[in-house]
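Just so we're on the same page, my numbering is the position in the sequence shown counted from 1, plus 991.
Reviewing the structure listed below.
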Amino acid sequence: MPMISIKQHYTSAKNQLSNTVNRVKSKVSNIGFLQKIKHLTPSQWCYFVALFLLFTGSENGELPDERLGLVALIAGIGFSRELFRVIHKIWDSMLGKGIFLLLYAGVANIALALAAVKVNSIAGIEPAILTFSVAFTLMLTLPIWFFFATIVFASVLLLIGNLWLLLTLLLRIVRIKIKAHWEDSVFVIASMIARLVLLVVVMLAMSDMIEPYIDQFSARENGEPIFSISTPKDRARNAQKEALLAEAEAAVAEANKNEADQATSDEAIPENETEEQDDRIIDRLIAAFIYNFETYPSSSCKQAENEKVIAIDENSIFVAAEADNELGYEFYVMPCIHRYSDEPYPP
992 MPMISIKQHY TSAKNQLSNT VNRVKSKVSN IGFLQKIKHL TPSQWCYFVA
1042 LFLLFTGSEN GELPDERLGL VALIAGIGFS RELFRVIHKI WDSMLGKGIF
1092 LLLYAGVANI ALALAAVKVN SIAGIEPAIL TFSVAFTLML TLPIWFFFAT
1142 IVFASVLLLI GNLWLLLTLL LRIVRIKIKA HWEDSVFVIA SMIARLVLLV
1192 VVMLAMSDMI EPYIDQFSAR ENGEPIFSIS TPKDRARNAQ KEALLAEAEA
1242 AVAEANKNEA DQATSDEAIP ENETEEQDDR IIDRLIAAFI YNFETYPSSS
1292 CKQAENEKVI AIDENSIFVA AEADNELGYE FYVMPCIHRY SDEPYPP
């Protein structure tokens, strides 16, 4: 009997200890913070991980480009996931379809106009006769313009969504509940702040990525911008400032010039030329397309052996020829000297 009693007490104590441990585990798992973490969405995880990398990866107060790119990539995944749902909801409505079609139709029209201006800046003539080259340039420009418009539109949607979320939170203070149409159920304010911070990071990373591409379609051959809303007074003022700056730079260069600096500059010229050629790869592609596909090796007008031509009208031709310059080709207009046979017609 005593042995049975001891076993019963031992079993009872063991069960009580097990129940106590289970209750402690249950209480720990029900702690608010841990419970909230379980309800984080994949996008929220991306935001918080990106913020952690953003604030812990700085060296001497500066964030390396590699770390900034990683932060933008992780945050971009979270943004893309949320934006896909938002855009899908907008597209489901007739008004949303109309907004998207109007937006991208406008982008396509602007891209076509810029493609024509780009061809004009390279060929030096009106692009009306260079239809294939305009279409080829549009093929190069349209994807980046669509991508850029999508990024801007998505950023506006995110900004409006976060402002709407902030408004709903403020209205809840006065006990006015409005559905925010957002999937966040925990850490709502922290997620809103994270979106606003990371949106700037993603936009900066995107701008750095497409800036070299955009620059090639935003300036004419002489470096002037294709599109500008500045007034004549502004242009005159800017020209005056540039002239003064050029004079100051020339004076400084003249004062500091010596044989060592001259030798260094002579060695750096090929590198600068190479970098400039790399920056104009799109221009060279368009020029090569004009020479190889838009102009013809044979014509009714007289031409040199290394020239390809296309008729502008009865009296003039557009000539394309290979050249030793940045583009690799040169284009000019010449009068059409008809090439008739000197042999008499057969009777």
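Where is the CB? At the ideal position from N, CA and C, for every residue including glycine.
If you're wondering where the values come from, they're calculated on a predicted model, not measured in any experiment.
Cα-Cα separation, residue i to residue j
i	j	result
Thr-1265	Asn-1316	Confidence is the limiting factor: at Thr-1265 the pLDDT is only 45, short of 50, which leaves the residue's position unreliable, though a coordinate-based value still follows. So the two alpha carbons sit approximately 12 Å from each other.
Ile-1081	Lys-1088	7 Å
Pro-1203	Cys-1037	28 Å
Ala-1295	Ala-1114	19 Å
Phe-1280	Lys-1293	22 Å
Val-1143	Glu-1321	38 Å
Val-1147	Leu-1190	10 Å
Leu-1187	Ala-1302	56 Å
Met-1130	Pro-1326	32 Å
Arg-1166	Met-1200	45 Å
Val-1192	Ser-1198	10 Å
Arg-1330	Leu-1092	51 Å
Leu-1086	Ala-1140	19 Å
Ile-1220	Ser-1176	Here the model assigns Ile-1220 a pLDDT of 48, short of 50, so the residue's position is not dependable, and the following value carries that caveat. Their Cα atoms are separated by approximately 46 Å.
Glu-1053	Ile-1180	27 Å
Pro-1094	Phe-1137	The sequence given here places Leu at residue 1094; Pro does not occur at that position. If I take the Cα positions, the gap works out to 10 Å.
Ala-1096	Ile-1090	10 Å
Leu-1149	Pro-1134	22 Å
Lys-1029	Lys-1109	54 Å
Val-1324	Ile-1116	8 Å
Phe-1084	Phe-1070	The question names Phe, but residue 1084 is Ser in the sequence shown. Looking at the two C-alpha atoms, the distance is approximately 22 Å.
Gly-1152	Phe-1178	16 Å
Phe-1043	Gly-1060	14 Å
Asn-1111	Asp-1056	37 Å
Phe-1039	Ile-1273	39 Å
Lys-1168	Leu-1154	16 Å
Gly-1067	Lys-1027	23 Å
Ala-1145	Leu-1045	22 Å
Pro-1288	Ile-1328	16 Å
DSSP bridge partner residues for residue i (one or two, in chain order)
i	result
Lys-1299	Ala-1311
Cys-1292	His-1329
Tyr-1095	Tyr-1095 is not bridged to any residue.
Asp-1287	Note that residue 1287 is Tyr in the sequence shown here, rather than Asp. Val-1300.
Contact under 7 Å by Cβ, residue i with residue j
i	j	result
Ala-1063	Ala-1196	yes
Met-1183	Leu-1156	yes
Ile-1277	Thr-1128	yes
Arg-1058	Ser-1034	no
Arg-1271	Gly-1319	no
Glu-1298	Ala-1312	yes
Glu-1174	Thr-1032	yes
Val-1300	Ser-1291	no
Ala-1107	Pro-1118	yes
N-terminal and C-terminal residue of the alpha helix (DSSP H) that residue i is part of
i	result
Tyr-1320	It is not in any alpha helix (DSSP H) - Tyr-1320 instead sits in the beta strand (DSSP E) that spans 1320 to 1326.
Ser-1084	Here Ser-1084 belongs to no alpha helix (DSSP H), and DSSP marks it neither H nor E.
Ala-1119	Per DSSP, Ala-1119 belongs to no alpha helix (DSSP H) and is neither H nor E.
Leu-1031	From DSSP, Leu-1031 is part of no alpha helix (DSSP H); its letter is neither H nor E.
Arg-1275	1272 to 1280
Short CB-CB distance (under 7 Å) between residue i and chain C
i	result
Val-1179	Protein chain content of the structure displayed is limited to a single chain, and chain C is not contained in it.
heavy atom of the ligand MG below 6 Å from residue i C-beta
i	result
Leu-1105	Here there are no bound small molecules, and the ligand MG is not part of this structure.
Tell me whether the segment 1072 to 1085 and the segment 1099 to 1116 touch, counting them as touching only if at least three CB pairs, one residue from each stretch, are closer than 8 Å.
Proximity of the segment 1072 to 1085 to the segment 1099 to 1116 falls short of the contact definition, fewer than three beta-carbon pairs being nearer than 8 Å.
Pairs of beta-carbons, one from the segment 1113 to 1132 and one from the segment 1280 to 1287, closer than 8 Å: are there three or more?
Cβ pair count under 8 Å is three or more, so yes.
Are the segment 1300 to 1307 and the segment 1150 to 1168 in contact at 8 Å, needing three or more beta carbon pairs?
The segment 1150 to 1168 and the segment 1300 to 1307 do not touch, with fewer than three beta-carbon pairs separated by less than 8 Å.
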